[in-house]
Amino acid sequence: MRRVVVTGLGAVTPIGNNMNEYWNGLVNGVNGIAPITRFDTTEFKSKLAAEVKNFDPSAVLDKGTVRKTDLYTQYALVAADEAMQDSGLAGNIAEDELGVYYGTGVGGIETTLENHEGILAGGPKKVSPQFVPKMIINIAAGQIAIRFNAHGNAMCMSTACATGTTAIGEAYRAIKDGYLTAAICGGSESSVNPLCVAGFINCMALSQATDPNEASLPFDSRRAGFVLGEGAATLILEEYEHAVARGAKIYAEICGYGATCDAHHVTAPDPEATFTAKAIEKALAGVEYSTDSLYINAHGTGTALNDATETKAFKLAFGEEGAKNVKISSTKSMTGHMLGAAGAAEAIACVKALETGILPPTINLTSPDPALDLDYVPCKAQNVQVDTAISTSLGFGGHNACIAFRRVK
Numbered sequence: 250m251r252r253v254v255v256t257g258l259g260a261v262t263p264i265g266n267n268m269n270e271y272w273n274g275l276v277n278g279v280n281g282i283a284p285i286t287r288f289d290t291t292e293f294k295s296k297l298a299a300e301v302k303n304f305d306p307s308a309v310l311d312k313g314t315v316r317k318t319d320l321y322t323q324y325a326l327v328a329a330d331e332a333m334q335d336s337g338l339a340g341n342i343a344e345d346e347l348g349v350y351y352g353t354g355v356g357g358i359e360t361t362l363e364n365h366e367g368i369l370a371g372g373p374k375k376v377s378p379q380f381v382p383k384m385i386i387n388i389a390a391g392q393i394a395i396r397f398n399a400h401g402n403a404m405c406m407s408t409a410c411a412t413g414t415t416a417i418g419e420a421y422r423a424i425k426d427g428y429l430t431a432a433i434c435g436g437s438e439s440s441v442n443p444l445c446v447a448g449f450i451n452c453m454a455l456s457q458a459t460d461p462n463e464a465s466l467p468f469d470s471r472r473a474g475f476v477l478g479e480g481a482a483t484l485i486l487e488e489y490e491h492a493v494a495r496g497a498k499i500y501a502e503i504c505g506y507g508a509t510c511d512a513h514h515v516t517a518p519d520p521e522a523t524f525t526a527k528a529i530e531k532a533l534a535g536v537e538y539s540t541d542s543l544y545i546n547a548h549g550t551g552t553a554l555n556d557a558t559e560t561k562a563f564k565l566a567f568g569e570e571g572a573k574n575v576k577i578s579s580t581k582s583m584t585g586h587m588l589g590a591a592g593a594a595e596a597i598a599c600v601k602a603l604e605t606g607i608l609p610p611t612i613n614l615t616s617p618d619p620a621l622d623l624d625y626v627p628c629k630a631q632n633v634q635v636d637t638a639i640s641t642s643l644g645f646g647g648h649n650a651c652i653a654f655r656r657v658k
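For the record, in the sequence shown the residue sitting at position 52 is 301 according to our numbering, with numbers rising by one throughout.
This is the structure in structure tokens:
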């Protein structure tokens with residue numbers, strides 16, 4: 250069985266538009282949530298989001314590419330470019346051995362809305378010839394493959410809020426099983442617009458808080474919905490021997506992946522948490538670990554049901570006492586919910602926690618829910634060197650996914 254390691258990282262997030270800014274933001278508890286600037290929220294019950302700020306793709310992308318791509322694809326390309334530069338992989342791998350596993354929850358919805366307005370105002374001639382190749386959900390994966398001459402498998406994953414995790418996990422399997430030598434994987438999203446915000450409000454999912462420090466409250470007794478975020482995150486996965494042979498920096502080893510489906514409800518997780526726990530158990534099957542040296546980056550949306558379900562899943566997977574030994578945090582308290590990009594951004598948090606010995610916090614966790622009695626690393630980062638880290642993701646449709654990482658010693 251081939252080993253798979255992480256050799257490159259890239260990020261565009263609400264708390265920083267590159268890896269250094271993103272990680273420093275997590276460590277220092279920076280809150281990326283603020284009033285929405287993209288549209289007038291006067292008639293909206295939810296008025297906050299975690300927007301990407303001061304994003305300028307021109308440092309990476311030429312004008313033609315910017316003109317022909319949706320914002321979600323631009324985020325993906327910029328994050329992928331940073332990860333590839335970080336890895337040093339370009340020019341050091343056969344083109345047919347490099348693949349792309351990259352996903353999104355809703356794809357180019359900004360482009361869809363723009364062209365819908367065009368056809369309503371001026372008829373079919375007002376629909377751009379770039380409409381279809383800008384909005385389809387596979388195009389970020391396709392654009393990344395074109396940019397880096399990745400002639401291996403190029404796949405788009407879409408498992409709602411579990412998308413980023415699913416993409417990493419499926420890329421891991423492809424490399425482990427010998428189908429690829431390396432893969433560019435992750436997720437991207439740009440959906441802070443009136444239609445998406447209204448949709449999430451009307452399905453009772455979004456926080457209606459007006460104070461950014463009281464909005465995204467994972468595991469807190471005051472939690473009342475998630476905050477919409479956006480951005481992209483990219484990891485370069487590579488077969489271990491190939492990485493060692495070329496002298497690559499190795500951040501961590503990906504050592505397991507589990508995926509299940511609740512098959513229970515279109516939006517709500519199964520409160521029994523049976524199959525969320527199964528995904529965790531599958532990811533850690535065959536992995537030697539101790540709960541005393543385990544970090545979990547939880548899905549942790551700050552909704553009443555999600556946080557209770559995840560806590561129950563952790564207890565099912567590790568036992569009541571074992572779960573109390575584990576360090577857990579939700580970085581959505583800072584980034585909001587980046588939807589299809591969330592799992593990849595949170596996987597990066599796991600990798601960096603293993604590398605640095607710093608566990609990012611769950612900020613603003615000042616009123617703990619007595620029913621949620623685990624260690625959620627409240628308010629401030631902790632200096633704790635762990636040997637294993639997992640990231641859990643739960644998506645609409647019942648999708649559960651979990652990936653496991655360990656330090657390479």
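Don't be surprised by glycine CBs; every beta carbon is placed ideally from N, CA and C.
Those residues which DSSP pairs with residue i across a bridge
i	result
H548	Per DSSP, none; premise fails for H548.
V349	A403, I433
F654	I503, A638
P619	DSSP, once it has assigned bridges, lists no residue as partnering P619.
F475	L455
S578	N546
V253	E488, I503
N649	T509, L643
Q334	None; Q334 has no bridge partner.
Contact set for residue i: own chain, Cβ-Cβ below 6 Å, skip 5 residues either direction
i	result
K564	A572
T509	F524, K527, A528, N649
V664	Residue 664 is absent from the structure shown; the chain starts at 250 and stops at 658.
S307	none
K294	I450, Q457
P520	T558
Residue i and residue j closer than 8 Å at C-beta
i	j	result
N546	S640	yes
I597	L484	yes
I417	A593	yes
M268	G259	yes
V255	V600	yes
A299	G585	yes
I393	A497	no
A420	A411	no
G357	Y321	yes
A638	L588	no
L486	V253	yes
G436	T353	yes
A590	E359	no
N574	D541	yes
S659	T615	With the chain covering only 250 through 658, there is no way to say anything about residue 659.
I499	V301	no
L338	G257	yes
T516	C452	yes
M384	D289	no
Close-in-space but distant-in-sequence residues of the same chain around residue i (CB under 7 Å, 5 per side omitted)
i	result
P284	K296, L297
L504	Here residue 504 is Cys; the residue named in the question, Leu, does not match the sequence. Excluding positions up to five away in sequence, the list reads V536, A653, F654, R655.
K375	G367, I368
P378	none
E595	N546, T580, S640
Residue i to residue j span [Cα, whole Å]
i	j	result
H514	G647	6 Å
K531	P518	18 Å
V276	Q634	14 Å
A205	A534	This structure leaves residue 205 out entirely; the chain is present only between 250 and 658.
V261	H491	28 Å
G474	R495	46 Å
D460	T408	31 Å
E363	F380	9 Å
N613	E559	19 Å
L429	K317	29 Å
G480	P382	20 Å
S454	G448	Note that residue 454 is Ala in the sequence shown, not Ser. Cα to Cα, the separation comes out at about 9 Å.
A512	T414	19 Å
I388	S440	16 Å
P694	Y489	Nothing about residue 694 can be reported from this structure: the residues present for the chain run from 250 to 658 only.
M250	Y506	14 Å
D311	P373	29 Å
A390	G340	20 Å
E502	S578	21 Å
Y351	E270	22 Å
G313	Q323	12 Å
G606	I424	27 Å
Cβ shell of residue i (< 8 Å), same chain only, five flanking positions each side left out
i	result
P619	S470
N303	N266
K660	Residue 660 is absent from the structure shown; the chain starts at 250 and stops at 658.
V493	I499
Would you check if the segment 540–557 and the segment 457–474 touch, i.e. whether three or more CB-CB distances between them fall below 8 Å?
-> Because the criterion of three Cβ pairs below 8 Å is met, the segment 457–474 and the segment 540–557 touch.
Three or more beta-carbon pairs under 8 Å between the segment 625–632 and the segment 395–407, yes or no?
-> Judged by Cβ distances under 8 Å, the segment 625–632 makes no contact with the segment 395–407, as fewer than three pairs qualify.
Would you be able to state if there are at least three C-beta pairs under 8 Å between the segment 332–340 and the segment 437–454?
-> With contact defined as three or more Cβ pairs closer than 8 Å, the segment 437–454 and the segment 332–340 are not in contact.
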